[in-house]
Amino acid sequence: MSNVELTNFDIAQYLDNKEVIAEYLSQILADGDMDELLEALGNIAKAKGMSQIASETGLGRESLYKTFHKGTKPKFDTIMKILGSLGVKVQVTA
4 MSNVELTNFD IAQYLDNKEV IAEYLSQILA DGDMDELLEA LGNIAKAKGM
54 SQIASETGLG RESLYKTFHK GTKPKFDTIM KILGSLGVKV QVTA
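First residue of the sequence shown? That's 4 in the working numbering, and the numbers climb one at a time after it.
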């Protein structure tokens with residue numbers, strides 16, 4: 004038998020362009036789970052750099068870290084600022 008080594012998967016390593024980020028968020032939004040959305044935004048912020056997101060949104064780094072915790076209820080304005088800093092837009096279709 005061969006030895007199998009498992010490594011931790013870090014999705015932030017793959018969130019390297021707007022198209023990938025947009026598809027990732029689209030899949031999360033399709034599920035409609037706010038905790039998953041916050042986790043996804045946290046993963047993307049990690050990939051881009053929390054300091055850069057804080058600078059672009061005018062939000063404090065500590066506030067951003069708190070925003071991405073499970074069970075938080077961030078303001079819509081906060082989510083929109085974060086999405087704007089990521090270069091993605093929300094679109095509603097029927």
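Backbone N, C-alpha and C fix where the C-beta goes; we use that ideal spot for every residue, glycine too.
Since this is a predicted model, take the numbers as computed values, not measurements.
On the three-state DSSP scale, how would you describe residue i?
i, result
"GLN55", "helix"
"THR10", "coil"
"LEU62", "coil"
"VAL91", "coil"
"ASN20", "coil"
"ASP38", "helix"
"GLY45", "helix"
"LYS76", "coil"
To the nearest whole angstrom, what separates the beta carbons of residue i and residue j, a pair I think is in contact under 8 Å?
i, j, result
"LEU67", "ALA48", "6 Å"
"LEU18", "ALA50", "4 Å"
"ALA25", "ASN46", "Incorrect: roughly 14 Å between the Cβ atoms, too far for contact."
"LEU28", "VAL91", "6 Å"
Check this for me: beta carbons of residue i and residue j, under 8 Å apart or not?
i, j, result
"PHE71", "LEU41", "yes"
"LYS84", "THR75", "no"
"ASP38", "LYS73", "yes"
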